[in-house]
Amino acid sequence: DHLDRYDYKMELYIASKFRIAMNQSKDDVFIFNQEDKNSVDFLAKNTFASRQIPLEGKAFETGVLKLGNGIELEMSNSSLKGRHNYSNAWCAAKAAMEFGAAPEAIQKGLNSFQNAPHRLESVAIIDGIEYINDSKATNVDSVFYALGAMTKPIIWIVGGTDKGNDYSPVLDLVKAKVKGIVCLGVDNQKLVDCFAKDYPLVETRSAEAAVQAAKGMAVEGDVVLLSPACASFDLFKNYENRGDLFKEAVMNLEDGNKKISTINH
């Protein structure tokens, strides 16, 4: 999303992010993603004084945070879901332990943690259907992790101001998990071209219409996931406004049947 700030050169972006470590001393700790080639390559070419702690997928991917010395923390009671959140939680837990926090206290924190709004935020379960607000997912990469975090069949609400999106990275996840698509945007043609031939697809122009359309597609045991992959500025002030209106529409679902104009494919 932000390469325009770095002359569209990935190497400048990487160097900028690694400034976080430039003033660390030998008494400091640097936690990094061992599975990210950009990070590994940069570390191989540059010297930092701090002690490095690598993170690998096997340390967290099952939802159990393996922190070394036999210490394991469970994510099963945490509101945080998905591989990306597990990796973040591992880093946070590891950092807390470096400062002397007890594993029991960290586990309590994980169990009670509440994420910021609009990030895989569970809004409500109505008639056995869970509604999740992931309005902050304004690019395809974010949607990749959101879809991967779901364990129930998905009605996917997607769309908005396109950023030149390429949906190929999520096609396998969509095939495996998505049973219906609700477009929420002014111009949904790219989504229609990509998905309408293979999935039930409805176009809508408001959060209320999108929620009503998703409700019509869903059955008990499904999840309605707002994870737009696009910016919000065609219909909303920002992603927060989009998420807030989605949540409002979900909470108003039982107010009675309303006539909603949709375009079916």
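Residues in the sequence shown are numbered from 21 upward in steps of one, following my numbering.
Here a beta-carbon is modelled for each residue, glycine too, at the ideal position from N, C-alpha and C.
Every value quoted in this text rests on a predicted model; they were computed, and no experiment measured them.
CA-CA distance, Leu63 to Val49, rounds to 14 Å. Around the beta-carbon of Val239, fewer than 16 other beta-carbon atoms lie within 10 Å, marking it exposed. Exposure of Leu23 is indicated by the presence of fewer than 16 other C-beta atoms within 10 angstroms of its C-beta.
For Ile175, the closest of Lys257, Lys197, Val190 by C-alpha to C-alpha distance is Lys197. Excluding residues up to 5 positions away in sequence, Ser99, Leu100, Glu141 lie with their Cβ nearer than 7 Å to the Cβ of Asn135 in the same chain. Between the segment 181-196 and the segment 220-238, the count of C-beta pairs closer than 8 Å stays below three; the two stretches do not touch.
Excluding the 5 residues flanking it on each side, Val243 has same chain C-beta neighbours closer than 8 Å at Ile149, Glu150, Tyr151, Ile152, Met170, Lys172, Pro173, Ile174, Ile175, in chain order. Setting aside the 5 residues that flank it on each side, Arg262 is surrounded in the same chain by Ser155, Ser252, Phe256, each with a C-beta closer than 6 Å to its C-beta; the list follows chain order. Taking C-alpha positions only, Asp207 is separated from Glu223 by approximately 9 Å.
Met30 and Asp147 have their C-alpha atoms spaced approximately 46 Å apart. Within 10 angstroms of the beta-carbon of Leu191 lie fewer than 16 other beta-carbons, which makes it exposed.
For Lys57, the closest alpha carbon among the candidates Ile34, Asn43, Met42 is that of Ile34. Considered as a whole, the segment 75-160 harbours 103-118, 123-132 as its complete alpha helix (DSSP H) runs of no fewer than 4 residues, in chain order.
Ile91 places its beta carbon 7 Å or farther from that of Ile73. Residue environment analysis places Thr158 among the buried positions, since at least 16 neighbouring C-beta atoms fall within 10 angstroms of its C-beta. Val212 and Leu167 have their C-alpha atoms some 19 Å from each other. In this structure, Gln54 sits near Glu76, with a CB-CB distance shorter than 7 Å. Taking 4 residues as the minimum length, the alpha helix (DSSP H) runs contained wholly in the segment 181-235 are 191-197, 209-215, in order along the chain. Residue pairing by DSSP places Ala251 opposite Thr181 in a beta bridge.
Taking 7 Å as the cut-off, the beta carbon of Ile177 is found no closer than this to the beta carbon of Leu221. Bounds of any alpha helix (DSSP H) do not take in Ile40, whose DSSP letter is neither H nor E. Take the alpha-carbon of Met237 and the one of Gly200: they are about 7 Å apart. DSSP places Asn53 in no alpha helix (DSSP H) but in the uninterrupted beta strand (DSSP E) bounded by 49-53. For a cut-off of 8 Å, the C-beta gap from Pro123 to Gly180 is around 42 Å, too long to register as a contact.
Cβ atoms of Leu193 and Lys235 stay farther apart than 8 Å, at about 23 Å.
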